[in-house]
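Engineer: Here the sequence shown stands for residues 1 to 936, numbered as in the UniProt record's numbering.
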Amino acid sequence: MGTSTMDGGTTPAQLSNTTVTVDESGGADYLRIQAAIDNVSSGSTVEVRPGAYREAVTVDKSLTLTAPDGAVLNGSTLDSETSAITIVGDAEPLISGFTISRYGTTGIDAQGTTGAWEATDLEIAETDGFMGTGVNAEGSSGNWAVSDTLVRDSYRNGVNARQSNGSWLLENVTVTDTVFGNGIRADESTGDWVMRNATVSDTRDDTTGIAVFETTGDWTITETTVVNNSRDGIEATNTVGSWRITNSTVAENGQFGVNVGGPATATTTGANWSIIGSDIEENGDAGVNAEEVTGPWRIHETRLVDNGVGVDATGAAERGAVERNWWGAEDGPSGVANGSGDAATGNLSVTPYYTDSALTTLSAASSGDGVDVSTSATMISPDEPGTLRTEVTNTGDTDVSVTVTFDDLTGVTVRTADASAGTWNNDTDEWAISSLQADATASLRLDVSADASGTSLPSERNVSATMTVGETTQSLSYPVTVAAADDLSMTVGTATAETGETVAIPIETEPVRGGVYYAGTVSFDASVVHVANVSMDDEDAFVWSEADNQNGTVEFGIESADYLTDPVVNVTFDVVGDSGTATAVNVSDRTVYTTGADYVDFPVTNGSLTVASGESDTGDTAPPTLDSVAEQQEDDIAVTVSSNESLASLTGVLADTDSAYREQITLSAFDESVVNGTYVYETVYSGAGDGEYDFTATATDTAGNEATETETFVIGTQSDSDSTIQLFVETPTEAVGVNDTATVELVAGNVDSFVGAYEATMSVPDNSGVRFTSATISGSPAFSDAEYSENNTTVRLSAVGMETADGPSPDLAELTVTVDRDSGAPEQQIPVTASNANASNKNGTDLSIESTENGTLHVATVSAVGPSELAPTDPDGDGRYEDVNGDGNVTVSDVQALFTNRDDPSVREQASLFDYNDNGRFNIVDIQRLFYSELG
């Protein structure tokens, strides 16, 4: 245990796997948290006693940092760019019990981390700097978790997981009152993350509750409340992955409840998204905006009430399955239907819909001749009633009479009948509608029970009926399956596969009729197999799964736009165990919901997977297939041999065709690995150097079959002397204003290896008002020069002895250009060109310039504001003009000038210059933003 309780006190060596205490008032091992962390090793616990700690903490190891009785990290006196706790690299700490208050940048900063860290039982308040964020995991790749945490009053974002690619978890997290950012950001993420039991509310300044646009993962938001946010509740535009929102409430948001679409977007291309079992109510515009979506989508078992529009699918490329929902009125939605509830517009189907808010009474519709009709199958328990549903829609132009007569009810008894129109006759088992108006829909629901006495179960029956419309008749069928839970049977497949292979195990349950949900939890030995995927051979099915390959489980859930019949789900495993090992494949929490009954924990025959021995006699007579590649590693050559099967022997001979170099390496000197079922063997030939080599690989597989492959490798200077490259002039996409500077880059393209030397002339037109002011040549050249013309509109770049980055597009130079133009000069596109260029590789071999792609600098007009004679400037180069009066400083005078002239044409006509909160418009909020950020 540490011997010093002074700030910065150290121990002779880090303490290993121990518990140390911190108390800012003394009496513990340490006074400061950072000192404790620095002096323990991974696996230790740092226990912080109650008190106020004014420090910034960095955690670079996997330990427990906890305040079991509560402690406060207070950043009010620290630098505005300080974070409370910074997690570094692959560290995987557990952080709990703290209140974190008034740090300028971040409460928990985990940007770019790769570890599976965890933060729980925290309150993070008032991260009040310009980029103030409660938890920032942007760009992270680990499977981290944040739970039981309150984040409030963040200036920017509550939780930021933008551009992350891990399968992280937010659980029991509340985010409220963000000022200028979103409650939770996960846009551009690629992982299969889960957000469960979260609350996101009261974002301000035209911002969104949960921003998940441009994601590509199969994420889930469940049991989450998103209310009273100033713009959208959830924005999921331009997504690609198969995602779902379930059992959540999205209400009272300023614009859209869930925003998935919009004009000119490539929304959800190839995706499969769904909203299930949720309440979407009282949102200002559409409850769900699905304009112009292109992938398959569905909304089921959801209440869509009192929104500006219930669901807007205008321009949707694929018809949305928006069925089995409550629209706030018994007669269904308005818009594409004839009801009086929330509107449903665009390319979507809405029937059947619920006629009550409790979601108990369902109407249905399908196809027919003159009158569209749909019927339902059902599966019922002997102890519970099931439901037979019929829906008819008059697709003609005149009123018609409709009669549905049940001819054969053998084996079932009608207990109750509920007809939305017409009458039901118990004596004749007939539903009669004397006049069904054009475009009108009517439904019948029969609750039926089954007589199972003297009958072995499961029992299949068929209820039949005849529909009469005028003089036309049509036969109707209602399949009925009677089964108790013990009558269902789940069968899990078995398989044998070799290490490195991928194999699918089917899981089938039967009999199932009228299924609406199929789920279970699969367990396995994680040392033998890992789950790669869960799928179903049903294009209408929505498959949800959550795998835990560390603990050997995967949960799955299946829903389908059509009813499920004898569903089969396929669990695909990657085989990682040694030959001869095996694992049981067991399924628990077995669940099937049907239109008539719910079945759980029915019988199962579990399966198994065995890892085959690679040494067994398989009768294989085919030789292995070999493929060899090489690359230079300084003065060595690394060779990789790939095979379609495991090798018992391998000999590789590398010989220089122009010299006496020859080296032979056998299997023991190769590193063996398995990548996606391919056997990979890697080795290094030391001191081989540049040259042209013949490589011969001779191998035998475990069955004794032999194969030989010869490849020729050209390394280093032997490349073709007429190699070519391209040049690109890269200019900024944003406009550059008067007296502003911008960066222009000269980049090489199509480079095989390295650029060793080059010269090129960079130019802008003489009368453009643009000039070159500096140039930095990349690649650490031994000699370089930048020679400017008299008016700085051209610069001749020269460099020798460069070490550019090895790759197809190394940077050659970075130049700064300055716009020296009068305010009010015409707006122009200024060409920036590269000419008279020559280049060579690092060995002095000529590289021909195949093509040059020049750039264009967009120079924008900036006019003086109000009576000032000076145009505004952008002192920090962020594209926003804080120096409003153009005097070169940012003071309260600039705020006053902008406020006084806020409605003047000199402001309104160039409003984008003053959009300080970056929301695409200028108003009084931007003036406050300037006042607060620059002067507050």
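All C-beta atoms, glycine included, are put in the ideal place defined by N, C-alpha and C. Model, not experiment: these values are computed from the prediction.
Helix, strand or coil for P352? Go by DSSP, reduced to three states.
Structural biologist: DSSP places P352 in coil when its eight states are reduced to three.
Engineer: When every heavy atom of the ligand GTP is checked, does at least one fall within less than 7 Å of the C-beta of W219?
Structural biologist: Inclusion of the ligand GTP in the displayed structure is not the case, the ligand content being empty and no account of it being possible.
Engineer: Going by beta-carbon coordinates alone, are T683 and A669 separated by less than 8 Å?
Structural biologist: Yes, the pair counts as a contact, with Cβ atoms nearer than the cut-off.
Engineer: Enumerate, from N- to C-terminal direction, the unbroken beta strand (DSSP E) stretches of 3 or more residues contained entirely within the segment 129-197.
Structural biologist: Qualifying beta strand (DSSP E) stretches, in chain order: 133-136, 145-152, 157-160, 169-176, 194-196.
Engineer: State buried or exposed for R590, treating a residue as buried only when at least 16 other CB atoms are found within 10 Å of its CB.
Structural biologist: It counts as buried.
Engineer: Thinking C-beta only, is V832 closer than 8 Å to V729?
Structural biologist: Their beta carbons are under 8 Å apart, which means V729 touches V832 by this criterion.
Engineer: Around the Cβ of T86, are there at least 16 other Cβ atoms within 10 angstroms (buried) or fewer (exposed)?
Structural biologist: Buried is the call here.
Engineer: Distance check for R152 and Q111, CA to CA, integer angstroms please.
Structural biologist: Looking at the two C-alpha atoms, the distance is approximately 20 Å.
Engineer: Grab me the residues of Y679's own chain with a C-beta within less than 6 Å of its C-beta, minus the 5 sequence neighbours each way, in chain order.
Structural biologist: Taken in chain order, the residues that qualify are S643, S646.
Engineer: How long is the line joining the alpha carbons of T246 and T423, rounded to whole angstroms?
Structural biologist: If you take the alpha carbons of T246 and T423, they lie about 37 Å apart.
Engineer: Kindly indicate which three-state DSSP category D38 falls into: helix, strand or coil?
Structural biologist: Note: D38 maps to helix in three-state DSSP.
Engineer: Comparing alpha-carbon positions, which option in T58, G51, N325 lies nearest D38?
Structural biologist: Nearest of T58, G51, N325 to D38, Cα basis: T58.
Engineer: Taking C-beta to C-beta, are T724 and L847 nearer than 8 Å?
Structural biologist: Cβ atoms of T724 and L847: closer than 8 Å.
Engineer: Quick one: what's got a C-beta closer than 7 Å to A622's C-beta in the same chain, skipping five residues either side?
Structural biologist: Here the set comprises N705.
Engineer: Here's a check: name, in chain order, each residue in its chain whose Cβ is nearer than 7 Å to the Cβ of T5, leaving out the five neighbours to either side.
Structural biologist: Residue placement at T5 cannot be trusted, given a pLDDT of 46 that sits under 50; the coordinates are not used to answer.
Engineer: Hey, quick one: how far does the beta strand (DSSP E) through Q726 stretch, first residue to last?
Structural biologist: Segment 724-730, the beta strand (DSSP E) holding Q726.
Engineer: State the DSSP-derived secondary structure class of V892, mapped to helix, strand or coil.
Structural biologist: Of the three classes helix, strand and coil, the one that applies to V892 here is helix, per DSSP.
Engineer: Once you ignore the five residues that flank P68 on each side, which residues in its own chain have a CB closer than 7 Å to its CB?
Structural biologist: Taken in chain order, the residues that qualify are E47, G97.
Engineer: As a quick exercise: from S435, D418, G209, pick the residue whose alpha carbon is nearest that of N160.
Structural biologist: Checking every option, the nearest Cα to that of N160 belongs to G209.
Engineer: For E235, count the other beta carbons within 10 Å of its own beta carbon; 16 or more makes it buried, fewer makes it exposed. Which is it?
Structural biologist: Under this definition E235 is a buried residue.
Engineer: So the candidates are V179, T203, D205, S242; which of them puts its Cα closest to the Cα of W193?
Structural biologist: Residue S242 is the option with its Cα nearest to W193.
Engineer: Straight-line CA distance for I380 to V516?
Structural biologist: Rounded to whole angstroms, I380 to V516 spans 13 Å at the Cα level.
Engineer: Are the CB atoms of A837 and E745 within a distance shorter than 8 Å?
Structural biologist: Their beta carbons are not under 8 Å apart, which means E745 does not touch A837 by this criterion.
Engineer: Check the DSSP bridge columns for E123 and list the partner residues they point to.
Structural biologist: In the DSSP output, where bridge partners are listed per residue, E123 has T99, L150.
Engineer: Could you tell me which whole alpha helix (DSSP H) segments of length 4 or greater appear in the segment 450-474?
Structural biologist: None, since the segment 450-474 contains no complete alpha helix (DSSP H) of that length.
Engineer: Assign P603 to buried or exposed, taking buried as 16 or more other Cβ atoms, counted over all protein chains shown, within 10 Å of its Cβ.
Structural biologist: Burial call: exposed.
Engineer: For the segment 636-704, which segments carrying the beta strand (DSSP E) assignment without a break, of at least 3 residues, lie completely within its bounds, in sequence order?
Structural biologist: Those beta strand (DSSP E) runs which fall completely within the segment 636-704 and span 3+ residues are 636-643, 647-656, 662-666, 671-675, 678-685, 691-701.
Engineer: Candidates T640, V653, A648: which alpha carbon is nearest D671's?
Structural biologist: Of the candidates T640, V653, A648, the one whose C-alpha sits nearest the C-alpha of D671 is T640.
Engineer: Assign A358 to one of two classes, buried (16 or more other C-beta atoms within 10 Å of its C-beta) or exposed (fewer than that).
Structural biologist: By the 10 Å Cβ count, A358 comes out exposed.
Engineer: Can you give me the C-alpha to C-alpha distance between L654 and N17, rounded to a whole angstrom?
Structural biologist: Their Cα atoms are separated by approximately 50 Å.
Engineer: Within the same chain, show all residues whose beta-carbon is closer than 6 Å to that of V322, passing over the 5 residues directly before and after it, in chain order.
Structural biologist: Closer than 6 Å at the Cβ level, and outside the excluded window around V322, lie I299, V311, L348, V350.
Engineer: Taking 8 Å as the cut-off, decide whether the C-beta atoms of D148 and N172 are in contact.
Structural biologist: Going by C-beta atoms, D148 is nearer than 8 Å to N172.
Engineer: Below 8 Å between beta carbons: does that hold for residue 943 and A145?
Structural biologist: Given a span of 1 to 936 for the chain in the structure shown, any question on residue 943 remains unanswerable.
Engineer: Between the segment 393-402 and the segment 444-459, are three or more C-beta pairs nearer than 8 Å?
Structural biologist: Because the criterion of three Cβ pairs below 8 Å is not met, the segment 393-402 and the segment 444-459 do not touch.
Engineer: Grab me the residues of S340's own chain with a C-beta within less than 7 Å of its C-beta, minus the 5 sequence neighbours each way, in chain order.
Structural biologist: The residues are A329, D331, S334.
Engineer: Just verifying my parser: in three-state terms, what is the DSSP assignment at L857?
Structural biologist: Three-state DSSP puts L857 in a strand.
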